[in-house]
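In what follows, a single structure is set out as structure tokens and then discussed.
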Amino acid sequence: MKNIFFLLLPLITFSQEKSVLITYKVLYNTELPTTKNGYLYVSSNQKKTVYITEKIGNTEENEDYEVDITVRLSSGEKGYNFFDYENDILTTKDDILKESKLIKEKIPDFKWKLLEESKIINDIRLNKATCYFRGRNYIAWYSTDTAIKAGPWKFQGLPGLIYEIYDETKRYNWFLQQVKSTSYDFNSKDLKYNNQEIISIREYADLKFNGKGLDPKTLTRLPRGAKVVSQKSFRTGFEIKFEWEEETKEN
Numbered sequence: 001m002k003n004i005f006f007l008l009l010p011l012i013t014f015s016q017e018k019s020v021l022i023t024y025k026v027l028y029n030t031e032l033p034t035t036k037n038g039y040l041y042v043s044s045n046q047k048k049t050v051y052i053t054e055k056i057g058n059t060e061e062n063e064d065y066e067v068d069i070t071v072r073l074s075s076g077e078k079g080y081n082f083f084d085y086e087n088d089i090l091t092t093k094d095d096i097l098k099e100s101k102l103i104k105e106k107i108p109d110f111k112w113k114l115l116e117e118s119k120i121i122n123d124i125r126l127n128k129a130t131c132y133f134r135g136r137n138y139i140a141w142y143s144t145d146t147a148i149k150a151g152p153w154k155f156q157g158l159p160g161l162i163y164e165i166y167d168e169t170k171r172y173n174w175f176l177q178q179v180k181s182t183s184y185d186f187n188s189k190d191l192k193y194n195n196q197e198i199i200s201i202r203e204y205a206d207l208k209f210n211g212k213g214l215d216p217k218t219l220t221r222l223p224r225g226a227k228v229v230s231q232k233s234f235r236t237g238f239e240i241k242f243e244w245e246e247e248t249k250e251n
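Residue numbers are given in our numbering: position 177 of the sequence shown equals residue 177, and the series is strictly consecutive.
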């Protein structure tokens, strides 16, 4: 699939605005292909970023399908990835079954490999980098032509702005569409915890993949025609194998 994106502002002057909004086109080539808009807000001092997505629609529908219940059920609340670089904390709001959860972890180390390969798109030179992160191999194309060092979802740590990133199977894909100055309230009540329970990334993985959150009431919420597959044998999503699982395997 050929993807085209448009760069509006190759150079950003942070002093002029409170934050920068970077918009991505997000393509999920999964069992139910989905297209989303991804919005990355970067604070003027780059010490905080917030990434949220907005669903555009499914490219196809099928009533008789096998489905990972952790993906299909939704709480209806908007999720996000909130980076606090000063305190080295990443807080993610995500759904497990029908419940919205706050997951806290240290900012991940992607261990990028910077390659010599590059390409030119819209007169912007993009450099190639690769990494393995939580069960998937990713390919990124980034530019050092701006002062911004950020990317969509949890992707960060490269010496520039990520323009394209996708896993090697092209199951999950992000393509930069627009960069513009804007304002964003990083102290918004939407980012406040409001006494909501915070769980660790290990607890999140346990609930999502080991079936500890599954009960009979949950089964009644499944879409008509959906068949529950084994949570322990079938994993889907961006993160399918975690650091402590890799360590156990090595030992």
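For every residue, glycine included, the Cβ atom is placed at its ideal position computed from N, Cα and C.
So, helix, strand or coil for R265, using DSSP?
Outside the shown range of the chain (1 to 251) lies residue 265, about which nothing can therefore be said.
Of the residues Y28, Q177, K208, D109, the one placed nearest I96, counting alpha carbons only
One-based indexing of the sequence shown puts residue 96 at position 96. Selected option, being the one with the closest Cα: K208.
Under a three-way DSSP split, which group does S19 fall into?
Position 19 of the sequence shown, counting from 1, holds the residue named residue 19. Strand, per DSSP.
Going by beta carbon distance, what residues of the same chain come within less than 8 Å of A150, once the five residues before and after it are set aside?
By 1-based counting over the sequence shown, the position of residue 150 is 150. Cβ within range, chain order: I22, L40, V42, Q46, T49, Q156, L161, I162.
Suppose you measure from the CA of Y175 to the CA of Y24; what does that come to, to the nearest Å?
Mapped onto the sequence shown, residue 175 falls at position 175. Mapped onto the sequence shown, residue 24 falls at position 24. At residue 175 the sequence reads Phe, which differs from the Tyr that was named. Cα to Cα, F175 sits roughly 5 Å from Y24.
May I have the straight-line CA-CA distance separating R171 from D190, to the nearest angstrom?
Walking along the sequence shown from the start, residue 171 turns up at place 171. Walking along the sequence shown from the start, residue 190 turns up at place 190. Per the coordinates, the alpha-carbon of R171 lies some 30 Å from the alpha-carbon of D190.
Mind checking L27: buried by the 16 CB within 10 Å criterion, or exposed?
For the purposes of this step, residue 27 is taken as the residue at position 27 of the sequence shown. Buried, by the Cβ-count rule.
Looking at the secondary structure, which residues open and close the alpha helix (DSSP H) in which F238 lies?
Within the sequence shown, the letter at position 238 stands for residue 238. Taken as a continuous stretch (DSSP letters only), F238 belongs to no alpha helix (DSSP H), as it is neither H nor E.
Helix, strand or coil at Y65 [DSSP, three-state]
Locating residue 65 in the sequence shown gives position 65, where the first residue counts as 1. In this predicted model, Y65 has a pLDDT of only 39, less than 50, meaning its place in the structure is not dependable enough to derive any value.
Kindly indicate the opening and closing residues of the alpha helix (DSSP H) around D206.
Residue numbering aside, residue 206 sits at position 206 when the sequence shown is read from its first letter. Looking at the DSSP string, the run of the alpha helix (DSSP H) that includes D206 is 201-209.
Helix, strand or coil for W244, going by three-state DSSP, please let me know.
For the purposes of this step, residue 244 is taken as residue 244 along the sequence shown, with counting starting at 1. It is helical.
How many Å lie between N173 and L32 at the Cα?
Residue numbering aside, residue 173 sits at position 173 when the sequence shown is read from its first letter. Residue numbering aside, residue 32 sits at position 32 when the sequence shown is read from its first letter. Approximately 14 Å, taken between the alpha carbons.
K93 by DSSP, collapsed to three states: which one?
In the sequence shown, residue 93 corresponds to position 93, counting from 1. Of the three classes helix, strand and coil, the one that applies to K93 here is strand, per DSSP.
Can the beta-carbon of K104 be found less than 7 Å from the beta-carbon of D88?
Taking the first residue of the sequence shown as 1, we reach residue 104 at position 104. Taking the first residue of the sequence shown as 1, we reach residue 88 at position 88. Contact flag unset, no.
Below 6 Å CB to CB, which residues in the same chain sit around G237 once its five sequence neighbours on both sides are set aside?
The residue given as residue 237 occupies position 237 in the sequence shown. None.
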